[in-house]
Amino acid sequence: MLVRLIPGIAVVVAACTGCASRPVNERITAIDPAHGYRLEVSLANRSNNDPRTVLVLAFSGGGTRAAALSFGVLEALRSKEIVVDGQRRRLLDEVDAVTGVSGGSFTALAYALYGDRLFSEYEARFLKRDVQGALLGRVFNPIYWPKLVGGSYGRSELAADYYDEILFEGATFGDLLAKNAPITVVAGTDLSTGARVEFTQTVFDVLCSDLRTVRLARAAATSSAVPLVFSPLTFNNYGGTCGFEFHQRAVYEMSNPSTRQRPAERALMRLREHRNLERGADRPYLHLVDGGVADNLGLRGVVEALELLEASLGPGLAEEGRDALDRLGPLASRHRGASPGWRR
Numbered sequence: 487m488l489v490r491l492i493p494g495i496a497v498v499v500a501a502c503t504g505c506a507s508r509p510v511n512e513r514i515t516a517i518d519p520a521h522g523y524r525l526e527v528s529l530a531n532r533s534n535n536d537p538r539t540v541l542v543l544a545f546s547g548g549g550t551r552a553a554a555l556s557f558g559v560l561e562a563l564r565s566k567e568i569v570v571d572g573q574r575r576r577l578l579d580e581v582d583a584v585t586g587v588s589g590g591s592f593t594a595l596a597y598a599l600y601g602d603r604l605f606s607e608y609e610a611r612f613l614k615r616d617v618q619g620a621l622l623g624r625v626f627n628p629i630y631w632p633k634l635v636g637g638s639y640g641r642s643e644l645a646a647d648y649y650d651e652i653l654f655e656g657a658t659f660g661d662l663l664a665k666n667a668p669i670t671v672v673a674g675t676d677l678s679t680g681a682r683v684e685f686t687q688t689v690f691d692v693l694c695s696d697l698r699t700v701r702l703a704r705a706a707a708t709s710s711a712v713p714l715v716f717s718p719l720t721f722n723n724y725g726g727t728c729g730f731e732f733h734q735r736a737v738y739e740m741s742n743p744s745t746r747q748r749p750a751e752r753a754l755m756r757l758r759e760h761r762n763l764e765r766g767a768d769r770p771y772l773h774l775v776d777g778g779v780a781d782n783l784g785l786r787g788v789v790e791a792l793e794l795l796e797a798s799l800g801p802g803l804a805e806e807g808r809d810a811l812d813r814l815g816p817l818a819s820r821h822r823g824a825s826p827g828w829r830r
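Our numbering puts the sequence shown at residues 487 to 830.
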């Protein structure tokens, strides 16, 4: 019986080869720093949060174990209360930003989307589900073969669709804009250069692309796309077509030993990575894999942002240069409302 079915399956596969294609991230024609999923916008919309403190959570990679550990951290912060201006508040409400990579990206994005609903649904919907078994089942299920043969769909796109079914329900980064939640920054790794590519509008400005339409499930699939096991996820790069400009003055002052406050090699390396992403004409497509390849702890973005901040406070850097650095460092703009103690 199976022998008789094989020719029929082959015909279906051949007929649908190339039919499946990946989602395409949308282009933008102009940069709007006042809108989009970026730190400045997120902080302006937060309520029940003390602006005098900065609390960042970094959820590392490590598969389901990392997802479970980060979920436990959120539970602990929810149960811990502090006193602010005479009022008792949850420590969880003081979180300003969450970074997530690989397994940790699922918890980070799910919390950004669901808020407190996470604590009643996340275990059943994700942690206690055999996600790996389900994905393997789909790879070996002939129903999904037409999508996987030819075209640009790939195993990671199959995984992203599954994550949407069980957890993210088709939500995009645009859906997070109205949430009273800390900004969540998850990242993938550029397969060509090894650079970290974060899912924030700050980085998508460099790509001249609109992050609002990108699905959370696809970001999670990117951040957890272990090389060889999963296929890279492809994003269009429109860099150089929307008027985005790097301020040469800012870069010069950061690299000038007589004006910078201290060496800022990490910050300069990050700026060089962004300049490389801007070359859309030379690199029209970005192929991204597991964010853990570039940073499995989810801490590099935080360290680089703090280094950008310190370098931007140097005596030789003009205000317009600092504004440019704010756009490049997802956390750097926090210094506008920070206390002198935090700056130290």
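Where is the CB? At the ideal position from N, CA and C, for every residue including glycine.
Pairwise C-alpha distance: residue j and residue i
i: glycine 823; j: glutamate 580; result: With a pLDDT of only 41 at glycine 823, under the threshold of 50, the placement of this residue in the model should not be trusted; the figure read from the coordinates follows. So the two alpha carbons sit approximately 15 Å from each other.
i: glycine 637; j: valine 540; result: 45 Å
i: glutamine 714; j: leucine 563; result: According to the sequence displayed, residue 714 carries leucine and not glutamine. Looking at the two C-alpha atoms, the distance is approximately 36 Å.
i: threonine 585; j: tyrosine 630; result: 33 Å
i: arginine 752; j: valine 672; result: 19 Å
i: arginine 761; j: leucine 754; result: 11 Å
i: leucine 529; j: proline 519; result: 13 Å
i: aspartate 571; j: valine 542; result: 21 Å
i: glycine 784; j: alanine 583; result: 12 Å
i: leucine 577; j: tyrosine 523; result: 23 Å
i: lysine 633; j: serine 507; result: 8 Å
i: glycine 504; j: alanine 554; result: Because the pLDDT of glycine 504 is 45, which lies under 50, any placement of that residue in the model is unreliable, and the question is left without a value.
i: serine 678; j: leucine 560; result: 35 Å
i: leucine 719; j: aspartate 536; result: 38 Å
i: arginine 830; j: leucine 772; result: Any reading at arginine 830 must be qualified, since the residue scores a pLDDT of 26, below 50, and its modelled position is unreliable; no value is offered.
i: glutamate 526; j: alanine 610; result: 34 Å
i: arginine 538; j: valine 788; result: 18 Å
i: arginine 551; j: glutamate 759; result: 31 Å
i: valine 635; j: phenylalanine 685; result: 28 Å
i: phenylalanine 605; j: glutamate 651; result: 19 Å
i: glycine 619; j: tyrosine 608; result: 18 Å
i: glutamine 687; j: proline 509; result: 18 Å
i: asparagine 534; j: glycine 656; result: 28 Å
i: valine 689; j: asparagine 782; result: 19 Å
i: arginine 808; j: leucine 595; result: Because arginine 808 carries a pLDDT of 49, less than 50, the predicted location of this residue cannot be relied on, and no value is offered for it.
i: arginine 574; j: lysine 566; result: 10 Å
i: valine 569; j: lysine 614; result: 35 Å
i: alanine 544; j: arginine 682; result: 15 Å
i: threonine 602; j: glycine 558; result: The sequence given here places aspartate at residue 602; threonine does not occur at that position. Between aspartate 602 and glycine 558, the C-alpha separation is close to 13 Å.
i: aspartate 768; j: histidine 521; result: 28 Å
i: alanine 664; j: serine 717; result: 32 Å
i: leucine 622; j: tyrosine 600; result: 27 Å
i: phenylalanine 612; j: leucine 693; result: 32 Å
Short Cβ contact (7 Å threshold) for residue i with residue j
i: serine 642; j: aspartate 776; result: no
i: isoleucine 517; j: aspartate 691; result: yes
i: serine 869; j: serine 709; result: Since the displayed the chain opens at 487 and closes at 830, residue 869 lies outside it and no answer follows.
i: phenylalanine 732; j: leucine 702; result: no
i: glycine 766; j: glycine 729; result: no
i: leucine 774; j: glycine 674; result: yes
Sequence-distant residues of the same chain with beta carbon closer than 6 Å to residue i, five excluded per side
i: alanine 598; result: Leu662, Ala667 and Thr670
i: arginine 756; result: Glu790
i: glycine 660; result: Arg698
i: proline 770; result: Asn723
i: arginine 704; result: Ala646
i: glycine 549; result: Gly589
i: alanine 706; result: Ser591, Phe592, Leu595 and Tyr649
Chain-order list of residues whose beta-carbon lies under 8 Å from that of residue i (same chain, five-residue window excluded)
i: serine 695; result: Asn511, Glu512, Arg513, Ile514, Phe721, Asn722, Asn723 and Tyr724
i: glycine 680; result: Val779 and Ala780
i: tyrosine 639; result: Ala506, Ser507, Arg508 and Lys633
Residues that DSSP places opposite residue i in a beta bridge
i: asparagine 722; result: Tyr771
i: alanine 673; result: Glu684
i: serine 695; result: Arg513
i: aspartate 661; result: Its beta-bridge partners do not exist; DSSP assigns none.
i: isoleucine 568; result: Arg575
i: proline 713; result: Phe716
i: aspartate 776; result: Gly674
Cβ shell of residue i (< 7 Å), same chain only, five flanking positions each side left out
i: valine 532; result: In the sequence as presented, valine is not what sits at residue 532; that position holds arginine. So the list reads Asn666, once near-sequence residues are dropped.
i: arginine 624; result: Tyr630, Leu644 and Tyr648
i: threonine 658; result: Arg698, Thr699, Val700, Arg701 and Leu702
i: valine 499; result: Caution applies to valine 499, whose pLDDT of 43 falls short of 50 and renders its modelled position unreliable; the model cannot decide the point.
i: aspartate 676; result: Val683, Leu772 and Leu774
Length at least 3, wholly inside the segment 573-603: the beta strand (DSSP E) runs in chain order: Here the runs fully enclosed are 573-576 and 583-586.
Which runs of the beta strand (DSSP E) fall wholly inside the segment 524-562 and span at least 3 residues, in chain order? 542-545
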